[in-house]
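Engineer:
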Amino acid sequence: MPEPYSVAVLVVSDTAATTASTDLSGPALRELLHSHPDFNVVQQAIVPDEKARIHDQVKSWCGTDGIDLVLTSGGTGFGVKDLTPEALGPLIDKPAPGLVIQMINTSLSITPFASLARPVAGIHLDTKAQDGTGTMIITLPGSPKGAKENLQSLLRVLPHALELSTRGGSGRVVHKELGNVDRTKAVGTGASNQDVAEERKHRGCGHDHGHHAPKPRTGNQPLSQDPSRSVAKRQRASLYPMVECREALSLIFDHTPVTSVETVPTDEHLIGHVLAQDVVSDVNIPMRPSTNVDGYAVRSTDKPGVYKVVIEYPSSPLPEGTIYRINTGAPLPPGMDSVIMVEDTQVVSTEGDEEKEVELLAQVDLGENVRKPGSDVKLGEKVLEQGVYVSGVGGELGTLAFIVKRSVSRAYQFGSPPRLIRCSLPFVQAKIHRKPIVAILSTGNELVNIQYTSKPKYSTSSFSAIIDSNRPSLIQILENLHFQVLDLGIIGDTMAETVAALKKAKEEADIIITTGGTSMGVGDLLKPCIEREFGGTIHFGRVAMKPGKPTTFATLPAHPRAPNRDPKLVFALPGNPASALVTFFIFVLPALRKMQGRRQSEWELPRVPVVLNSTVSLDPRPEYHRVWVRPTTQGLKAFSTGGQRSSRTVSLAGVNGLLELPNETEEEKEKKQGETVMCVLVGEIGSALA
1 MPEPYSVAVL VVSDTAATTA STDLSGPALR ELLHSHPDFN VVQQAIVPDE KARIHDQVKS
61 WCGTDGIDLV LTSGGTGFGV KDLTPEALGP LIDKPAPGLV IQMINTSLSI TPFASLARPV
121 AGIHLDTKAQ DGTGTMIITL PGSPKGAKEN LQSLLRVLPH ALELSTRGGS GRVVHKELGN
181 VDRTKAVGTG ASNQDVAEER KHRGCGHDHG HHAPKPRTGN QPLSQDPSRS VAKRQRASLY
241 PMVECREALS LIFDHTPVTS VETVPTDEHL IGHVLAQDVV SDVNIPMRPS TNVDGYAVRS
301 TDKPGVYKVV IEYPSSPLPE GTIYRINTGA PLPPGMDSVI MVEDTQVVST EGDEEKEVEL
361 LAQVDLGENV RKPGSDVKLG EKVLEQGVYV SGVGGELGTL AFIVKRSVSR AYQFGSPPRL
421 IRCSLPFVQA KIHRKPIVAI LSTGNELVNI QYTSKPKYST SSFSAIIDSN RPSLIQILEN
481 LHFQVLDLGI IGDTMAETVA ALKKAKEEAD IIITTGGTSM GVGDLLKPCI EREFGGTIHF
541 GRVAMKPGKP TTFATLPAHP RAPNRDPKLV FALPGNPASA LVTFFIFVLP ALRKMQGRRQ
601 SEWELPRVPV VLNSTVSLDP RPEYHRVWVR PTTQGLKAFS TGGQRSSRTV SLAGVNGLLE
661 LPNETEEEKE KKQGETVMCV LVGEIGSALA
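In UniProt numbering, the protein residues as written are 1 to 690.
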């Protein structure tokens, strides 16, 4: 596979040059390019709206070996300070008017104000090479939405253009393909969206330049419905390509960051956090010889007989004929080397309520019933590793309390080298990752809350309300897993409400979960809202699975004033209850587990082999079949919950496993009783069955 084309991104803005955190266009362009295998962003910069600065920065990149494409954002309008075309015009030796026309046509299809844009594009020739190759320069609008739309419109042709202009390719295959295009199916001559999609599909499969064709999600236009169009003109088939589950998970992990740092005390609130660095003991534990039984500290030379009992811890060795009463875990006093158990003594005399003298009934060996220094934990020993989840079982919290004693600190940004924590008794800090905040909402005019007393507030129809079961179910799961949840309630099927809800979620949460509104209905507005209102990137819009085909994953650029510039993740899950919960466990929870700092081997839920208790039919799509997993004398056995229709909520009751069933083939139509298949565990394994 050829090397990807190297890209430099320049943002032209007085504001961003002063305060880099206000730049939204640069991150949006970099995110879009990152999702495309043909491009690699190697340089980026911000300059003010000054002609000389713009010219000099781009010229320096054009003179750099290995820069194939320079993209600028900003300064292409009619404003008095919009000077990007004038700054870069002298650098362009071979204009590319076709690229300019494509960008303007794209923008004009969205807004008439695009007629005020003044983009330029072309090739700056390499005077050293003297072979006609050079660096491609393209100017984009300053708004993140406009810049992204213009770049998306070019991604279909840019790899071919760059092959010709920067690497001296012939383009023979491309020219042949263009000659074979059926002109009767051209855009604008009555062709349907499906016709255009099919034409792009066939043309994309035929080229032979060694690089990957861009995926349809980065085509000439956003693939979502245009909500401004009439209902009768809406798309009748989704243009989002179908991706396999494994590819979908790979895209999710590629775009999921890990949270940053906090400090909290060592108490029960640590549960649900993940350690971000190794915890290493800075002392021996126990630090001194200690007893592991209740009894009396003695010398191993002490013979059976009567001894005086001391109950106050001595600061110097005790005299002969005296012993020290000791409780489990306490250090031995000076001069004592063994402990005799209470069971091997008897009281001889008392003084008030206390023992005065006891008789030793046996003689103990040197070191008997004594824990040596470091016998539990040695100096320098690693007791907990980076990535360990502090569970509610208690072992991790107990270990931290045992070692750390005082306080614990929370984690670094992902990618920083872990530093070992030195644990001494006076005070200590460990680092753990901040828990992700999850915003959740349901969409649909027909929905009501579970405690409803009247018809849906958004609905104008006469049919009975549908109770929103997805949101309370997901909130309960998230809270049981110790995540902080922002409940945004039910929103109606309007663009204004969808935008307002996503805006709040984007500002306050790390991950946004929505249910409903992802398919082809009139009120399904999430995809157009993400693409057209927020300049977000939809990484996939359909998955080859049952249930959960319309599952959508997207990222939104971070708020310009946000201290953390990581993109916000959006999981738009289907509205049917089974689909929503299955896709949560398969896609959302793995993203949360990565985001909270878990080790890579723990991102996905565990998979175990199970034996089928009954025969199950296979579907044309790979299926996650809801089951009860129970231990039996023959091992783990899976019991189907019955009908698997995605709207059948009762199929979720008591579920603790999802069978991973392959799609049906001519050779295999079902999995038979007694066969072993893999199962994703989503809950505790229940009590044993015969």
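For every residue, glycine included, the Cβ atom is placed at its ideal position computed from N, Cα and C.
#1: Does the separation of the CB atoms of Gly444 and Gly395 fall below 9 Å?
#2: Quick check: the region 318-335 against the region 262-282, are at least 3 beta-carbon pairs closer than 8 Å?
#3: By alpha-carbon positions, which one of Ala465, Ile490, Val588 and Ile477 ends up nearest to Ile513?
#4: Counting C-beta neighbours from all protein chains within 10 Å, is the total for Tyr307 16 or more, i.e. buried, or is it exposed?
#5: Closest to His537 by CA distance: which of Pro550, Phe639 and Leu556 is it?
#6: First and last residue of the beta strand (DSSP E) that includes Ile538?
#7: Do Arg630 and Thr641 count as a contact pair if the criterion is CB distance below 9 Å?
#8: Measure the alpha-carbon distance for Gly683 versus Pro48 and round it to whole angstroms.
#9: Would His269 be called buried (16 or more neighbouring beta carbons within 10 Å of its own) or exposed?
#10: What span of residues does the beta strand (DSSP E) with Val11 cover, start to end?
#11: Quick one: give me the first and last residue of the alpha helix (DSSP H) that His55 is part of.
#12: Return the residue from the list Gly329, Met595, Val80 and Leu360 that minimises the CA-CA distance to Val258.
#13: If I'm right that Trp603 touches Pro590 with Cβ under 8 Å, what's the distance once you round it to whole angstroms?
#14: Are Val7 and Val41 touching if we call contact CB-CB under 9 Å?
#15: Output the residue ranges of the alpha helix (DSSP H) runs that lie fully inside the region 231-285 and measure 4 residues or longer, sorted by chain position.
#16: Helix, strand or coil: how does DSSP classify Thr75 here?
#17: Do the CB positions of Val243 and Arg542 come within less than 9 Å of each other?
#18: Would Asp566 be called buried (16 or more neighbouring beta carbons within 10 Å of its own) or exposed?
#19: In the DSSP output, which residue or residues are listed as bridge partners for Pro631?
#20: Going along the chain, which residues of its own chain have a beta-carbon closer than 8 Å to the beta-carbon of Arg471, five neighbours each way excluded?
#21: Taking the alpha carbon of Lys303 as the point to measure from, which residue in Ser316, Asp82, Val339 and Leu33 has its own alpha carbon closest?
#22: In the DSSP assignment, find the unbroken beta strand (DSSP E) run with Leu155 in it and report its ends.
#23: Return the CA-CA distance between Lys568 and Arg371, expressed in angstroms with no decimal places.
#24: If you draw a straight line from the C-alpha of Gly89 to the C-alpha of Thr133, how long is it?
#25: If you draw a straight line from the C-alpha of Thr64 to the C-alpha of Val9, how long is it?
#26: Does the pairing of the region 247-262 with the region 342-354 give three or more beta-carbon distances under 8 Å?
#27: Could you have a look at Leu666 and say whether DSSP puts it in helix, strand or coil?
#28: DSSP three-state label for Thr15, please.
#29: Thr665 and Pro574 look like a contact to me (Cβ under 8 Å); what is the Cβ gap, rounded to whole Å?
#30: Is Phe585 near Leu658, with beta carbons less than 9 Å apart?
#31: For a test of the three-state rule: what should DSSP assign to Ala554, helix, strand or coil?
#32: Tell me whether Tyr624 is buried or exposed, calling it buried when 16 or more other Cβ atoms sit within 10 Å of its Cβ.
#33: For Glu381, which of helix, strand or coil comes out of DSSP?
#34: Which partner residues does Phe571 have in the DSSP bridge list?
#35: Pull up the DSSP beta-bridge partners for Cys679, would you.
#36: Assuming Val610 and Leu661 form a contact by the criterion Cβ under 8 Å, report the distance between their Cβ atoms to the nearest whole angstrom.
Structural biologist: With the structure as the only source:
#1: no
#2: no
#3: Val588
#4: buried
#5: Going by the sequence as given, residue 537 is Thr instead of His. Checked all of Pro550, Phe639 and Leu556; the closest Cα to Thr537 is Leu556.
#6: Thr537 to Phe540
#7: no
#8: 55 Å
#9: exposed
#10: Tyr5 to Val12
#11: Lys51 to Cys62
#12: Met595
#13: 5 Å
#14: yes
#15: 245-254
#16: Correcting the residue identity first, residue 75 is Gly in this sequence and not Thr. Coil at Gly75, not helix or strand.
#17: yes
#18: buried
#19: Leu636
#20: Ile440, Leu441, Ser442, Asp487, Gly489, Ile490 and Thr515
#21: Val339
#22: From DSSP, Leu155 is part of no beta strand (DSSP E); its letter is neither H nor E.
#23: 52 Å
#24: 18 Å
#25: 14 Å
#26: no
#27: First, the residue type needs correcting, since residue 666 is Glu and not Leu in the sequence shown. Reduced to three states, the DSSP call for Glu666 is coil.
#28: helix
#29: Actually they do not touch by this definition, with Cβ atoms about 26 Å apart.
#30: yes
#31: strand
#32: buried
#33: coil
#34: Ile513 and Phe553
#35: Val608 and Leu659
#36: Not quite, the Cβ-Cβ distance comes to about 12 Å (not below 8 Å), so this is no contact.
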